[in-house]
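Student: Residue 1 is where the sequence shown starts when you use the working numbering, and the numbers rise one by one after that.
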Amino acid sequence: MPSFDIVSIIDKQELRNAIDQTNRELCTRFDLKGIDARVDNTDNDIVIVAEVEFQTRQILEILHSKLAKRKIDINCIEMGELSTNLAEARQKLVAKEGIDKELGRTLIKILKGSKLKIQIQMQDNQLRVSSKSRNVLQEAIQKIKDSKQKFPLQFENFRD
1 MPSFDIVSII DKQELRNAID QTNRELCTRF DLKGIDARVD NTDNDIVIVA EVEFQTRQIL
61 EILHSKLAKR KIDINCIEMG ELSTNLAEAR QKLVAKEGID KELGRTLIKI LKGSKLKIQI
121 QMQDNQLRVS SKSRNVLQEA IQKIKDSKQK FPLQFENFRD
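1. Where in the segment 43 to 112 do unbroken runs of the beta strand (DSSP E), each at least 3 residues long, occur, reported from the N-terminal end onward?
2. Taking the C-alpha atoms as reference points, what is the distance between Q21 and L93?
3. Over the uninterrupted beta strand (DSSP E) stretch that includes L127, give me the two end residues.
4. According to DSSP, is Q119 part of a helix, a strand, or is it coil?
5. Quick one: what's got a C-beta closer than 6 Å to I161's C-beta in the same chain, skipping five residues either side?
6. Residues bridged to D5 by DSSP?
7. Just the Cα atoms here: how many angstroms apart are I110 and I141?
8. Between the alpha carbons of E78 and A95, how many angstroms are there, rounded?
9. Please name the residue or residues paired with N41 in a DSSP beta bridge.
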């Protein structure tokens, strides 16, 4: 029975490259020269460190442009809290991966509402969609794409 998986994955290497490029640009940019500004990365957590809040917003714009050039959807980067003290300002970001329960329910509702003859299972942080016909699966993919989810989705692991 043909099937495919709906997943949401970030390429960690591309994310790391975008952060490295941002840090390199911070060293050469005139308005941020001589300032202790950097972008730190640990797994899916990103921390922007600068002297004042305004500079963190500038660095965030640089990071967004580098992510876009690396073909990473900026909707998968969730803004965290901004903490400031006398010495520095820190903006926390989280790179979200996987399909959470809420998004999974939304996708299931969209697919069930389309009246296609498909079976859907939620597995950890992905959805498995199966059907007797490959054409029905292609229609299901099109329904998901037409729903314009704000979270980036990929379709993989096609099986016949």
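All residues carry an ideal CB built from backbone N, CA and C; glycine is no exception.
Computed from a predicted model, the values in this text were never measured in an experiment.
Tutor: To lay it out plainly:
1. Segments of the beta strand (DSSP E) lying fully in the segment 43 to 112: 45 to 50, 77 to 84 and 89 to 95.
2. In this structure, the CA atom of Q21 is about 17 Å from the CA atom of L93.
3. Looking at the DSSP string, the run of the beta strand (DSSP E) that includes L127 is Q126 to S130.
4. In the three-state reduction of the DSSP assignment, Q119 falls in the strand class, which pools E and B.
5. Residue 161 lies beyond the stretch modelled for the chain, which goes from 1 to 160, so this question has no answer here.
6. According to DSSP, which records beta bridges pairwise, D5 is partnered with R128 and E156.
7. Taking the straight line joining both Cα atoms gives about 11 Å.
8. Answer to the nearest angstrom: the Cα atoms are 6 Å apart.
9. N41 is bridged to I46.
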